[in-house]
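A short write-up of the structure that comes next.
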Amino acid sequence: MADQTQSMGSAPSTDSARRLPTPGVAPLLPRRAKWRRADWLHSAPAPQPEQFNIMDPFHKTLIPLDSWVTHAIDWIVLHFRPLFQGIRVPIDYILSAFQQLLLGMPAPVAIIVFALIAWQISSLGMGVATLVSLIAIGAIGAWSQAMVTLALVLTALLFCMVIGLPLGIWLARSPRAAKIIRPLLDAMQTTPAFVYLVPIVMLFGIGNVPGVVVTIIFALPPIVRLTILGINQVPADLIEASRSFGASPRQLLFKVQLPLAMPTDYGRG
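Structure representation (structure tokens):
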């Protein structure tokens, strides 16, 4: 009886001993599972190379132009950013000067001055429209923002004149160079500004200067084209008469061609 009691008392302990994990065995189970997963991954078939299909030739990119452009922009930013930061200095200086002038001018004086300028350049109706528009801008509380925008436009216009007039004169005198530059002018004028705004921000930094540069790129081609057109429309007999009177090339340009080309430049611009 005692033996039976002893055996019954030891049975639960034996069962519990069987239920306890054996030391050193339990940690091996996850490792074995990981090995099985690794073996399963290694045993997976290798991906088959894509075959060229004549019925679907553009399923895969053949010319990675986007990556080429990205790497080119990164290379330009890395190596030429100091150069563009130096170009930024005069643009920022002139822009700041225009902003200080326009923001420091009393609003009534600025309205009268701009209305008179519009009247003299265009007509009385344009002067009245300018007067009413500026009063409305001030009434809605956007006078400061309007003056900053006007400073940006004036800065871009100044650089367009400085760059566009000499370039137009050169292209008018060199038809071969005009054939090379005209496609570039077409691309500058037809490409949306947001396309080259991101690279310009990467090169010039954040602020109003990138806006000035984008405006210059977009507004430069018309000035160049109008300068070429105005010089080419100068009558040939006037040029021959000027040369017969002994006019030098510089005198011919500044006293004959440019004065006669100005109505074309300003009238169509």
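Quick note on numbering: the numbering used here labels position 3 of the sequence shown as -3, and the sequence is numbered without any gaps. Quick reminder that beta carbons are idealized off the backbone N, C-alpha and C, glycines included. Computed from a prediction, not measured in an experiment: that's the story for all the values here.
Considering Cα atoms alone, identify which of T185, P160, M182 and P216 is closest to R244. P160
Nearest candidate by alpha-carbon position, reference V192, set A104, I233, V71 and I157: V71
Backbone secondary structure at T185 - three-state DSSP: Reduced to three states, the DSSP call for T185 is coil.
If I measure Cβ to Cβ from P177 and keep anything under 8 Å in the same chain, skipping five residues before and after, which residues do I get? none
So which of V250, N226, T209 and W69 has the shortest CA-CA distance to A235? The shortest CA-to-CA distance from A235 to any of V250, N226, T209 and W69 is the one to V250.
Hey, could you find the ends of the alpha helix (DSSP H) A101 is sitting in? A101 to I115
Simplified DSSP assignment, three categories, for V228: coil
Using a Cβ distance threshold of 8 Å, determine whether the region 181 to 198 contacts the region 104 to 124, with at least three qualifying pairs required. no
Straight-line gap, F108 to V126 (C-alpha atoms, nearest Å): The C-alpha of F108 lies about 11 Å from the C-alpha of V126.
Considering only C-alpha positions, which residue in the set R75, I106, D86 and P216 is nearest to G201? D86
Please state whether the Cβ-Cβ distance between V206 and A150 is less than 7 Å. yes
Please classify Q93 as buried or exposed, where buried requires at least 16 neighbouring CB atoms within 10 angstroms. buried
Might you give, ordered along the chain, the residues of its own chain that have their beta carbon closer than 8 Å to the beta carbon of L232, omitting 5 neighbours on each side? V250 and L254
Residues near V208 in its chain [Cβ-Cβ closer than 8 Å; skip 5 each side]: A187, Y190, L191 and I194
Confirm, please, whether the CB-CB distance from A140 to I131 is below 7 Å. yes
Does any C-beta atom of chain D lie closer than 7 Å to the C-beta of L89? Judged by its chain identifiers, the structure shown contains no chain D, having just a single protein chain.
State yes or no: is the C-beta of G158 within less than 7 Å of the C-beta of L214? yes
At the level of alpha carbons, what is the spacing between L89 and L110? 23 Å
Would you report the Cα separation of A172 and L165, rounded to the nearest angstrom? 5 Å
Residues near I222 in its chain [Cβ-Cβ closer than 8 Å; skip 5 each side]: For I222, where only same-chain residues beyond five positions count, the Cβ hits under 8 Å are G162, L165, A166 and A172.
Would you say A136 and L96 are within 7 Å of each other, going by their C-beta atoms? no
Of the residues R82, P100 and I115, the one placed nearest F153, counting alpha carbons only: R82
Tell me which same chain residues have a C-beta within less than 6 Å of the C-beta of L148, skipping the five on either side of it? F92
Counting C-beta neighbours from all protein chains within 10 Å, is the total for R170 16 or more, i.e. buried, or is it exposed? exposed
Evaluate L14 with the Cβ neighbour count: other Cβ atoms within 10 Å of its Cβ, from every protein chain shown; 16 or more gives buried, anything less gives exposed. At L14, the pLDDT of 49 sits below 50, so the modelled position is not reliable and the matter cannot be decided from this model.
When you compare each of G199, I210 and I106 to V156 by their alpha carbons, which one comes out closest? I210
Take the Cβ of L59 as the centre, count every other Cβ of all protein chains shown within 10 Å, and call the residue buried at 16 or more, exposed below. exposed
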